[in-house]
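In the numbering used here, the protein residues as written are 901 to 1504. Even for Gly, the Cβ is constructed at its ideal location relative to N, Cα and C. Have a look at the structure below before the remarks.
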């Protein structure tokens, strides 16, 4: 008779498996939710067992959008992400149950009057740190309220005071939603959802403001400002000879009409919306405006820019009124003028338009560190060069930090002086390495003439030809207009080139000299010794400033960081390589502290 192993042997197939008896044998299969580590039908004597199937890892988006999948032993379950809840049933659900995750939109239905709704939204959003779904919910509520503004409603008196109060509530509510503190909530949205929500917000503000303006029976002019936006509403007769209005750098010109009636114009400027609605090309900054009215118009906008920006486009946010899906477009807008202070765009249609740039002026934040202390100087030609190099760098940084508003010219001079002394350092090291015999006094005198005289000549010529280019409205430095900045970059690049050539000759000579004079030193030790010297020379000769040239030629975040880090620590590395690691300085410290018991052991 057949031996039924499945009944006679306890748990013969192990956990999560079912046993099936056959004539003279048996086989095991795994329960649902588990898979065999070997063949589908197996016996446990070969080490095969049943392991859990991680359904969440096998199938992407198993639970649907806005949900998370959680694996368990032999099964799994779904939950909704933050700000979302199941459409029906319990918090845990299966994807085949028909349940999906939907947003927790705020119920604003009880606010049936637009001013009450706007005031309520402004109050609820004033605390900051909104979630993504809260932002979406409030934008939906604003969209709902914009269609109610005085259109077909006889219970509201369209007086200037009522219009002003309602617009103030609208601006306050929208300002709270686009504050920089809410950028995290916007960036957590999917790109399509974010663009749709921003478009709905822009459209709601436009429609609400225009409806309020049209409800006024008298000419009106209101200007409402908040921390992140400004709204200007104007109404006037079409029969006027001159129909033009401005806000900041934006200007609108409307062709007069030989007919009665009025026109309503709305300007809206958003200061922080550029970070939310960036195009894929990463423009860096944008200025948005919206205009409403009738007839043929010309819109001009002037936005301060960096003249070195790689791309400057006049674009507008074009969207479908039905779906409120938008994209950047350029037709109907053109660049009229581009200079160092502004880009002027001209558009012949009603639009949310923007000046899109690939780069902008950086905010300069200065930090000062005390890197050295004054001690008794070591008398030599090299220390004289180092002392004057550090003095020029110190004066340049000191002036930049404390007196930036008045002395761009002195900054120009002392930075050039620093480069001049870097050049002198390279020349002096070259003379030492090649073995040139020179008169020390004569050389010192000429070093001073070149170190401080040549920068003075360059600055004097520059100031004579273009004194107006010293200092800008943004930074205390040379203007980029008419390439005036090259009065500094040109000499600096020339000195860097000279020092790089000197650096190459010096390293080659030192390496060859060490290899010939001290053959007992290994090739590896020779390379390591030269590398230490090369590191010191790179900072002393100003070779790290090549990162500035790279940043000018190819402006990227990497080159900006390399230039900032290398030159921020130039003074510190000069101090370390030329003072801390100097044998003469170490010997002097040894002599000074050798009789102090607590210091003798560490200095010995």
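DSSP places residue 1060 within a helical segment (H, G or I) once states are collapsed to three.
Under the three-state reduction of DSSP output, residue 1122 falls in the strand class. Take residue 936, set aside five residues on each side of it, and the residues of its chain with a beta-carbon closer than 7 Å to its own are 930, 942, 948, 950, in chain order.
Contact annotation: residue 1128 and residue 1078 have beta-carbon atoms nearer than 7 Å. For residue 1086, the uninterrupted alpha helix (DSSP H) segment begins and ends at 1083-1087. When C-beta atoms of the segment 987-1004 are compared with those of the segment 1017-1025, fewer than three pairs fall below 8 Å, so the two segments do not count as touching.
For residue 1094, the enclosing alpha helix (DSSP H) starts and ends at 1091-1114. Per DSSP, the continuous beta strand (DSSP E) segment holding residue 1243 begins and ends at 1243-1247. Taking 7 Å as the cut-off, the Cβ atoms of residue 1088 and residue 1032 count as close. For residue 1132, the uninterrupted beta strand (DSSP E) segment begins and ends at 1129-1137. Here residue 923 carries a coil assignment [DSSP, helix/strand/coil].
Residue 1173 and residue 1133 have their C-alpha atoms spaced approximately 20 Å apart. Bridge pairing for residue 1227: 1218 [DSSP].
In terms of CA proximity to residue 1376, 1309 leads the group 1344, 1446, 1463, 1309. Rounded to the nearest whole angstrom, the C-alpha separation of residue 1105 and residue 952 is 54 Å. Buried is the label assigned to residue 1329, since at least 16 other Cβ atoms lie within 10 Å of its Cβ. DSSP lists 934 as the beta-bridge partner residues of residue 952. DSSP places residue 1076 in the helix class (H, G or I) of the three-state scheme.
Of all alpha-carbon atoms in 1246, 1383, 1094, 1296, the one lying nearest the alpha-carbon of residue 1152 is that of 1246. In this structure, DSSP gives residue 917 an extended state, which the three-state scheme calls strand.
Straight-line spacing of the CA atoms in residue 1248 and residue 1236 works out to 13 Å. In this structure, residue 914 and residue 944 form a Cβ contact; the two beta carbons are roughly 5 Å apart against a cut-off of 8 Å.
Taking C-beta separations shorter than 7 Å and ignoring five residues to either side along the sequence, the partners of residue 1025 in its chain run 1038, 1073, 1076, 1077, following chain order.
The beta-carbon separation of residue 933 and residue 1099, rounded to 45 Å, does not stay under the 8 Å limit for a contact. Bridge partners of residue 1237 according to DSSP: 1244.
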